[in-house]
Amino acid sequence: MRKYILFLIIASFGTTSVLGQQLYRYIDTEKVALVFSDDKFFISVKDTNHLESIRAIPFISQLDKIDHKGRYLAMTSQKVNYYEAFEVLNNDPNIAYLSPVILSKGKEMGG
Numbered sequence: 384m385r386k387y388i389l390f391l392i393i394a395s396f397g398t399t400s401v402l403g404q405q406l407y408r409y410i411d412t413e414k415v416a417l418v419f420s421d422d423k424f425f426i427s428v429k430d431t432n433h434l435e436s437i438r439a440i441p442f443i444s445q446l447d448k449i450d451h452k453g454r455y456l457a458m459t460s461q462k463v464n465y466y467e468a469f470e471v472l473n474n475d476p477n478i479a480y481l482s483p484v485i486l487s488k489g490k491e492m493g494g
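Just so we're aligned, residue 384 is where the sequence shown starts under the working numbering, counting upward by one.
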């Protein structure tokens with residue numbers, strides 16, 4: 384019985400530390416939190432001639448071309464959960480990779 388109680392205590396410490404992880408960066412000696420944008424993310428496509436499937440996704444309101452290599456900045460019409468959006472977009476075979484826009488102190492840093 385003691386083994387099970389000890390195991391549950393150790394397991395609960397492990398799950399709370401995983402759930403509590405956040406992204407940070409240090410500016411001089413100040414710890415600054417990094418967060419994902421709720422309405423922007425980067426998309427890289429394999430073929431720029433086949434963007435219709437991405438434009439047809441209801442929550443994407445705008446798709447801005449960043450460069451000639453097939454990178455785009457997608458803006459959403461509403462606050463979108465990053466993980467849910469990636470589940471939808473990950474099924475498109477034309478998408479090479481997805482990346483969130485990262486914010487630091489409310490300003491865009493990159494992705």
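Where a beta carbon is used, it is the ideal one built from N, C-alpha and C, also for glycine. Because the structure is a prediction, the values reported are computed rather than measured.
Using a 10 angstroms sphere on the CB of residue 423, the tally of other CB atoms reaches 16 or more, which defines it as buried. Listed as beta-bridge partners of residue 438 by DSSP are no residues whatsoever. Secondary structure note for residue 418: its beta strand (DSSP E) is the uninterrupted segment 413-428. Here residue 458 is bridged, per DSSP, to 423, 445. Setting aside the 5 residues that flank it on each side, residue 469 is surrounded in the same chain by 481, each with a C-beta closer than 6 Å to its C-beta; the list follows chain order. Where residue 471 is concerned, the enclosing alpha helix (DSSP H) starts and stops at 465-472.
Just measuring C-alpha positions, the residue of 446, 452, 433 sitting nearest residue 459 is 446.
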